[in-house]
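Residue numbers (the numbering used here): 6 to 429. Accompanying notes for the structure given below.
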């Protein structure tokens, strides 16, 4: 009889899971709630009042592509991120708690697990759905576009006419490309071979007298080699010919202001979150002080005092972090926008004045919708035609070439580096 009831219960849970409801413990950032639906009273997930904003902040910071993972982790931990507490009870007396787990700050492994979970984009993909992603009846914490940007191609949710698919490009650790950002050869994999178009690599060959000759080369069944200085001089000359239409400059200036306003709002939210944490800890200190009045055991009092000192220290740390955000000097956005417009009108100065060679190469890659061949950089033509692989956001300043028509929206794609982002 029990087996029959269990079979019916599990079968119903599987059926409701495929309909988009939730049948398990709520993941971090969510809380479970029963609501009336057309399928009866069912469980859905809603944003957790404390965990939800922290989880969304992780996705937003990772999708923006401005901070490194360690900086994102530090930022979220300062906002009070802690994993959920789980109590371990005695197997002999279930009312007795013998230990607890969790309450840890965010680390790299935990962040990767959270980022890869499609439930935060409102998509459920588990064994009860037979590997087919199902859109949940409740909204996720972030959109699918933000989810894909935050995962940077390692996992992506694709919506094709209502049919969801999840692609994964997780490479084993020994296959991860660790050498693409090389300061000695910053343009490796950013410039293609003139013969085959494949990305060129960089190395230094040793001459008979021991002198090294750095160059970019391709050996895909043929030999093509360009001295390092020659290739980099060609890139500088090419960038000096690129200009940006006035309408695109105005569009980017408006995007800068929009981004600044969004960051201002995020800072205000962070300050409010710090205030909430400080208020909660102050209440905890007050409650602890009230308990001490009724304690008689000296050892228990010492433990309580130690806990209260730890809470007070944490309050001071939170106040320091809050003050850092509130006492920052205000930014003169008018000057910032004027600076942005100046560099957009003089793109070559961004390349020439950049000290970091790796960032210089990443900036160069922004100009193209695909990896350009070296010969195209020299001639400014593509297969004999007058157009090049320059992104539609830009156009060549050569009067002999017709200016490329800029699209009505921003299309800025990057090539050759998984750490870069694209703006649509």
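Note that the Cβ used here is the ideal one computed from N, Cα and C, for glycine as well.
Endpoints, the beta strand (DSSP E) within which residue i is located
| i | result |
| --- | --- |
| residue 52 | 45-52 |
| residue 207 | 206-211 |
| residue 160 | 160-165 |
| residue 40 | 35-42 |
| residue 335 | Note, residue 335: premise wrong, no beta strand (DSSP E); not H, not E. |
| residue 222 | 217-223 |
Nearest-angstrom beta carbon gap, residue j and residue i [assumed within contact, 8 Å]
| i | j | result |
| --- | --- | --- |
| residue 59 | residue 81 | 6 Å |
| residue 172 | residue 161 | 5 Å |
| residue 33 | residue 119 | 7 Å |
| residue 64 | residue 152 | 7 Å |
| residue 39 | residue 48 | 6 Å |
Where the alpha helix (DSSP H) containing residue i begins and where it ends
| i | result |
| --- | --- |
| residue 347 | 338-350 |
| residue 370 | 362-370 |
| residue 172 | Where residue 172 is concerned, there is no enclosing alpha helix (DSSP H), although the beta strand (DSSP E) it sits in stretches over 168-173. |
| residue 239 | 233-244 |
| residue 383 | 379-384 |
| residue 278 | 251-297 |
| residue 191 | That residue, residue 191, is in no alpha helix (DSSP H); it is neither H nor E in DSSP. |
| residue 21 | 7-23 |
| residue 329 | 303-331 |
| residue 58 | 56-69 |
| residue 151 | 149-156 |
| residue 81 | 74-83 |
Residues near residue i by beta carbon distance below 8 Å, same chain, minus five either side
| i | result |
| --- | --- |
| residue 225 | 198, 201 and 203 |
| residue 355 | 348 and 368 |
| residue 296 | 309 |
| residue 210 | 217, 218 and 220 |
| residue 300 | 306 and 309 |
| residue 357 | 241 |
| residue 316 | 286, 289, 290 and 293 |
| residue 1 | Outside the modelled stretch of the chain, which goes from 6 to 429, sits residue 1, for which no answer is possible. |
| residue 46 | 39 and 40 |
Exposure of residue i, with buried meaning 16 or more beta-carbon neighbours within 10 Å
| i | result |
| --- | --- |
| residue 253 | buried |
| residue 154 | buried |
| residue 25 | buried |
| residue 365 | buried |
| residue 205 | buried |
| residue 75 | exposed |
| residue 13 | exposed |
| residue 191 | buried |
| residue 333 | exposed |
| residue 77 | buried |
| residue 274 | exposed |
| residue 228 | exposed |
Beta-carbon contacts of residue i that lie in its chain and below 6 Å, excluding the five residues immediately before and after
| i | result |
| --- | --- |
| residue 232 | 220 |
| residue 19 | 133 |
The ligand ATP heavy atom lying under 8 Å from the CB of residue i
| i | result |
| --- | --- |
| residue 258 | Among the components of this structure there are no ligands whatsoever, and the ligand ATP is therefore not found. |
Own chain partners of residue i with C-beta closer than 7 Å, once the 5 adjacent residues on each side are dropped
| i | result |
| --- | --- |
| residue 282 | 85 and 323 |
| residue 101 | 94 and 95 |
| residue 383 | 239 |
| residue 104 | 93 |
| residue 380 | 199 |
| residue 149 | 126, 162 and 164 |
| residue 111 | 78, 81, 82 and 86 |
Enumerate, from N- to C-terminal direction, the unbroken beta strand (DSSP E) stretches of 3 or more residues contained entirely within the region 94-121. 102-106
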